[in-house]
Amino acid sequence: MTAWLRKNRWYFVAIAVLGPLAVLAAMSTDWFGYEQRVNGRPILVAEGDNVDFAGAEWSLDNSFVVSAESQAGRSADLPKNTELVVASVRINPSGVGDVSPSCTIHLKDRDGQRTWDTALGIDVTIDEGASSFCDSTRLDSYLLQVLFLVPEGAGEGSRLIIETAEEAPELLSIAL
Amino acid sequence: MGLVARLLDTVSTRHWILLAGAVLLAITGLFGGLATVEKEPVVLPVLPIGEEHVGAQFGVAVHSVELMDVAPAYTFEADEGNEYLVVSITLTNNFVVSTTDIDEAISLEGLKLPKIDRTVLLSDSTPLPQAHPGLPIDVALVWQVPRGSVADKETVQVSIMEASLQTEPDLLFGDYWYDPVPVAHVDLTAHRVPAVGDSE
Amino acid sequence: MIRVLVRVVIAVAMLVLASLIFTLAPNDEQTQAPVEIPISIGETGTGRNIEVTVHNIRLAEVVEADGYTPWTGTTPGVWIVVDATMSNVVNSTLPSGFLTFDGLTYFASTRPDSESLVGARLTPGIPTTGTVLFEVPLDVIQTSEPVKITFAASSDLRLDSAIVLSERLDELEIEPAILLEGPETGG
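Those protein sequences? They're chains A, B and C, same order as listed. Residue numbering for the first sequence is 16 to 191, as defined by the working numbering. Residue numbering for the second sequence is 12 to 211, as defined by the working numbering. Residue numbering for the third sequence is 495 to 681, as defined by the working numbering.
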């Protein structure tokens with residue numbers, strides 16, 4: 016018995032090494048697809064940047080945080096221990112193809128752990144002429160203004176995530 | 012090995028074919044034979060109005076068939092040229108999990124009905140009501156039909172249906188009911204109900 | 495002869511082992527089962543994407559809500575009224591809740607619509623406090639057998655967290671009517 020084992024020992028070593036490697040290799044292609052589906056391929060946009068994406072020029076116009084404790088927060092009836100993140104993005108459609116991009120908009124916190132949807136039913140007026148969504152009917156430059164209700168402190172270092180169906184998995188990650 | 016070889020040699024190929032044929036006939040004989048037989052038409056029981064038929068999936072009692080311009084849980088009128096056909100039933104979920112899939116519990120087979128418009132809980136007008144295990148609910152099943160396709164005082168036959176259960180050890184889709192067939196009939200007189208606010 | 499016998503025995507043993515593995519291997523329902531996090535009343539359970547604190551369980555014959563559209567819920571059985579606070583952890587979802595008892599599963603009632611805590615999306619990090627209703631036949635609350643209430647971030651429980659609470663309800667009084675307070679965000 017042991018003679019047979021000794022005679023074939025290198026085959027056993029090969030199985031022990033190559034087996035797991037084969038499994039890892041087979042799964043690695045799935046991993047990269049999964050990773051991209053979850054995190055996308057972000058195009059990082061810093062303050063002051065102007066980025067070409069999905070047939071338009073995007074730049075951060077303004078962003079600020081309204082604390083629930085502040086006067087503005089109180090008059091907007093923000094719930095306790097929350098803050099409102101307000102972000103304005105200038106969208107300048109390039110006019111190519113006669114269509115302006117439509118998009119989905121989220122807010123991610125600094126660590127990228129939490130994701131918020133745009134807030135509904137918050138009593139805060141947005142700028143005249145601004146739109147609260149990517150308006151594909153607007154072919155001229157316009158302001159996109161969105162609100163997010165987040166836990167107190169989460170607005171700091173947060174990023175606006177803008178995705179379009181055409182550009183996926185690439186997406187815009189705008190520092191606020 | 013030698014034994015099997017010798018056995019194969021004693022019986023000629025022709026005999027093996029005949030043997031296989033005999034086995035085939037014997038097995039199909041067990042299943043009723045190869046000739047197809049006409050199924051005898053089954054006569055289904057006719058239940059009185061309001062009597063419950065207890066099935067494995069649902070217990071169903073049919074109460075009324077009504078025609079109206081504005082149906083429960085909605086304030087819109089039916090599309091141009093249509094009216095609402097509303098069947099009211101009491102349904103009890105006899106299965107083990109809550110469901111909103113109740114629109115195939117009954118069928119009006121004589122009428123060529125389109126897809127059901129909605130189901131409504133009569134006590135509070137909740138749309139798409141849940142049928143919870145063991146809890147009877149009074150619901151209305153609503154269809155849009157061309158005005159006049161069912162006449163006032165016309166006899167309508169409502170069939171109580173029973174589906175078959177397919178069990179799957181799958182966490183997302185799990186067990187499901189399929190292929191409902193009629194198991195009982197209830198004959199009702201359709202009544203035209205005036206809409207709220209009608210001056211007649 | 496012995497060598498043939500040994501090979502036959504090994505072959506049979508492998509067949510038996512294969513069929514054992516085939517029958518014993520976990521099916522989809524088992525490999526995809528949710529991770530249960532048990533809590534008691536007053537405790538907070540935190541899952542991957544849902545955090546739940548159950549405050550109170552009451553029983554009622556009738557439940558009412560006086561929100562945008564007033565609602566009165568009557569039942570041939572009994573209402574199980576669960577006051578709780580919930581929030582998402584990583585992203586916003588529409589939570590789900592169900593009650594199991596004696597092999598039966600009761601989904602949280604949709605009758606109270608947006609007045610129910612499971613009728614609207616939750617927010618990551620911001621708690622929403624409200625009530626979840628279950629409508630059950632009387633015999634569910636009449637035995638000393640506890641019911642099991644499960645809350646999850648969505649209706650798909652596969653491989654995700656489920657916060658579970660087991661409580662016996664036979665010692666609770668059935669109130670004639672309970673007024674629901676619609677869900678409140680923040681805290």
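Cβ atoms here follow ideal geometry from the backbone N, Cα and C, with glycine treated the same way. Nothing here was measured: the structure is a model prediction, and the numbers come from that model.
In chain order, what residues of the region 87-114 of chain A put their CB closer than 9 angstroms to some CB of chain C?
Leu-93, Pro-94, Lys-95, Asn-96 and Thr-97
Contact check, Ala-602/C vs Gly-591/C, beta carbons under 7 angstroms:
Numbered from 1 along the third sequence, position 108 holds the residue referred to as residue 602/C. Numbered from 1 along the third sequence, position 97 holds the residue referred to as residue 591/C. Between Ala-602/C and Gly-591/C, the CB-CB gap stays under 7 angstroms.
Mapping DSSP to helix, strand and coil, what is Pro-191/B?
By one-based count along the second sequence, residue 191/B stands at place 180. Here Pro-191/B sits in strand by DSSP.
Do we get a CB-CB distance below 7 angstroms when we pair Leu-674/C with the residues of chain B?
If you number the third sequence from 1, residue 674/C lands on position 180. Closer than 7 angstroms: no.
Proximal residues of chain A, C-beta to C-beta of Val-584/C below 8 angstroms:
Here residue 584/C refers to the residue found at position 90 when the third sequence is read from its first residue. Simply Gln-128, Arg-129 and Thr-130.
At a Cβ cut of 7 angstroms, what residues of the region 90-122 of chain B count as close to chain C, listed as they run along the chain?
Val-107, Val-108 and Ser-109
Taking Asp-607/C as the reference, which of Thr-623/C, Leu-598/C and Gly-561/C has the closest Cα?
Residue numbering aside, residue 607/C sits at position 113 when the third sequence is read from its first letter. For the residues Thr-623/C, Leu-598/C and Gly-561/C, the minimum Cα distance to Asp-607/C belongs to Gly-561/C.
To the nearest angstrom, how far is it from the Cα of Asn-107/A to the Cα of Asp-155/A?
What you label residue 107/A is simply residue 92 of the first sequence in a count that begins at 1. What you label residue 155/A is simply residue 140 of the first sequence in a count that begins at 1. If I take the Cα positions, the gap works out to 6 angstroms.
Opposite Tyr-600/C in the DSSP bridges: which residues?
Working through the third sequence from its first residue, we reach residue 600/C at position 106. Note: Tyr-600/C sits in a beta bridge opposite Leu-593/C.
Does DSSP put Pro-35/A in a helix, in a strand, or in coil?
Position 20 of the first sequence, counting from 1, holds the residue named residue 35/A. DSSP places Pro-35/A in helix when its eight states are reduced to three.
Within-7 angstroms CB hit, Ser-175/B to chain C:
On the second sequence, residue 175/B is found 164 positions in, with the first residue counted as 1. It does not: the Cβ of Ser-175/B has no partner Cβ on chain C nearer than 7 angstroms.
Find out if the Cβ-Cβ distance for the pair Val-60/A, Leu-158/A is shorter than 7 angstroms.
Here residue 60/A refers to the residue found at position 45 of the first sequence. Here residue 158/A refers to the residue found at position 143 of the first sequence. Leu-158/A is positioned such that its CB atom lies no closer than 7 angstroms to that of Val-60/A.
Taking buried to mean at least 16 other C-beta atoms within 10 Å of its own C-beta, is Leu-600/C buried or exposed?
Here residue 600/C is taken as the residue at index 106 of the third sequence, counted from 1. A small fix is needed here, since residue 600/C is Tyr in this sequence, not Leu. Buried, by the Cβ-count rule.
Would you call the region 90-102 of chain B and the region 72-79 of chain B in contact, with 3 or more CB pairs under 8 angstroms?
yes
Shortest alpha-carbon distance to Gly-536/C belongs to which of Leu-511/C, Thr-579/C and Thr-525/C?
On the third sequence, position 42 is the one that residue 536/C refers to. The shortest C-alpha separation from Gly-536/C is found at Thr-579/C.
Would you say Pro-138/B lies against chain C (beta-carbon separation less than 7 angstroms)?
Translated into the one-based positions of the second sequence, residue 138/B becomes position 127. It does not: the Cβ of Pro-138/B has no partner Cβ on chain C nearer than 7 angstroms.
Supposed contact pair Leu-99/A and Val-80/A - C-beta distance, whole angstroms, cut 8 angstroms
The count along the first sequence starts at 1 and reaches residue 80/A at position 65. The count along the first sequence starts at 1 and reaches residue 99/A at position 84. Yes, they are in contact, since the Cβ atoms of Val-80/A and Leu-99/A sit about 7 angstroms apart, within 8 angstroms.
Starting from Met-508/C, follow the alpha helix (DSSP H) in both directions and report where the run begins and ends.
Against the third sequence, residue 508/C aligns to sequence position 14. It spans 496-518 - the alpha helix (DSSP H) in which Met-508/C sits, taken as one unbroken run.
Chain B contact residues for Trp-573/C, given Cβ-Cβ distances below 8 angstroms:
As a working note, residue 573/C is residue 79 in the third sequence. Near Trp-573/C there are no residues of chain B at all, since even the closest Cβ is about 11 angstroms away, more than 8 angstroms.
Residues sharing a beta bridge with Lys-642/C, DSSP
Within the third sequence, numbered from 1, the residue matching residue 642/C stands at position 148. Answer is Thr-594/C and Ser-660/C.
Check the DSSP bridge columns for Tyr-95/B and list the partner residues they point to.
To locate residue 95/B, count along the second sequence from 1; it is residue 84. DSSP output for Tyr-95/B lists Met-79/B and Gln-155/B as bridge partner(s).
When the cut-off is 7 angstroms and only beta carbons count, does Phe-601/C lie next to chain B?
Taking the first residue of the third sequence as 1, we reach residue 601/C at position 107. Yes - at least one Cβ of chain B is within 7 angstroms of the one on Phe-601/C.
Tell me the DSSP secondary structure of Gly-88/A in three-state form.
Locating residue 88/A in the first sequence gives position 73, counting from the first residue. Gly-88/A: helix per DSSP, three-state reduction.
Whole-angstrom C-beta distance between Ala-102/A and Ser-78/A, which should lie under 8 angstroms:
Start at 1 with the first residue of the first sequence, and residue 78/A comes out as number 63. Start at 1 with the first residue of the first sequence, and residue 102/A comes out as number 87. Correct: roughly 4 angstroms between the Cβ atoms.
Excluding the five sequence neighbours on either side, which residues of its own chain have a C-beta within less than 8 angstroms of the C-beta of Ala-507/C, listed in chain order?
As a first step, residue 507/C is located in the third sequence; it is residue number 13 there, counting from the start. The same chain holds no residue with a CB closer than 8 angstroms to that of Ala-507/C once the five nearest residues on each side in sequence are set aside.
In the DSSP assignment, the beta strand (DSSP E) including Glu-669/C goes from what residue to what residue?
Start at 1 with the first residue of the third sequence, and residue 669/C comes out as number 175. For Glu-669/C, the uninterrupted beta strand (DSSP E) run begins and ends at 668-674, by DSSP.
In chain B, what lies closer than 9 angstroms to Val-630/C by C-beta?
Within the third sequence, the letter at position 136 stands for residue 630/C. Counting only Cβ-Cβ distances below 9 angstroms, Val-630/C has contacts in chain B at His-143, Pro-144, Gly-145 and Leu-146, in chain order.
Between Glu-62/A and Glu-72/A, what straight-line distance do the alpha-carbon atoms span, to the nearest angstrom?
Along the first sequence, read from residue 1 onward, the residue named residue 62/A stands at position 47. Along the first sequence, read from residue 1 onward, the residue named residue 72/A stands at position 57. Rounded to the nearest angstrom, the two C-alpha atoms are 14 angstroms apart.
Quick check: what's the CA-CA separation for Asp-633/C versus Thr-644/C?
In the third sequence, counting from the first residue as 1, residue 633/C sits at position 139. In the third sequence, counting from the first residue as 1, residue 644/C sits at position 150. Using only the alpha carbons, I get a separation of about 20 angstroms.
Among Leu-152/B, Glu-63/B, Gly-145/B and Lys-126/B, the one whose alpha carbon lies nearest that of Pro-138/B:
Working through the second sequence from its first residue, we reach residue 138/B at position 127. It is Leu-152/B.
I want to verify the contact list: residues of chain B whose CB lies under 9 angstroms from the CB of Thr-566/C, in sequence order.
Start at 1 with the first residue of the third sequence, and residue 566/C comes out as number 72. Under the 9 angstroms cutoff, chain B gives Ser-134 and Asp-135.
Check whether the region 116-133 of chain A touches the region 167-180 of chain A, taking contact to mean three or more Cβ pairs, one atom from each stretch, closer than 8 angstroms.
yes
Taking 7 angstroms as the CB-CB limit, is Pro-532/C close to chain A?
As a working note, residue 532/C is residue 38 in the third sequence. Answer no: the Cβ-Cβ gap between Pro-532/C and chain A never drops below 7 angstroms.
Under 7 angstroms, do Pro-621/C and Ser-655/C count as touching if we go by C-beta distance?
Position 127 of the third sequence holds residue 621/C. Position 161 of the third sequence holds residue 655/C. Result no, Cβ atoms of Pro-621/C and Ser-655/C do not sit closer than 7 angstroms.
Can you give me the Cβ contacts of Arg-23/B inside the same chain, cut-off strictly under 6 angstroms, excluding the 5 residues immediately before and after it?
By 1-based counting over the second sequence, the position of residue 23/B is 12. The sequence given here has Ser at residue 23/B, not Arg. Closer than 6 angstroms at the Cβ level, and outside the excluded window around Ser-23/B, lies no residue.
Beta carbon of Thr-41/B nearer than 7 angstroms to that of Phe-69/B
Stepping through the second sequence from its first residue, residue 41/B is reached at position 30. Stepping through the second sequence from its first residue, residue 69/B is reached at position 58. For the sequence presented, residue 41/B should be read as Leu rather than Thr. Result no, Cβ atoms of Leu-41/B and Phe-69/B do not sit closer than 7 angstroms.
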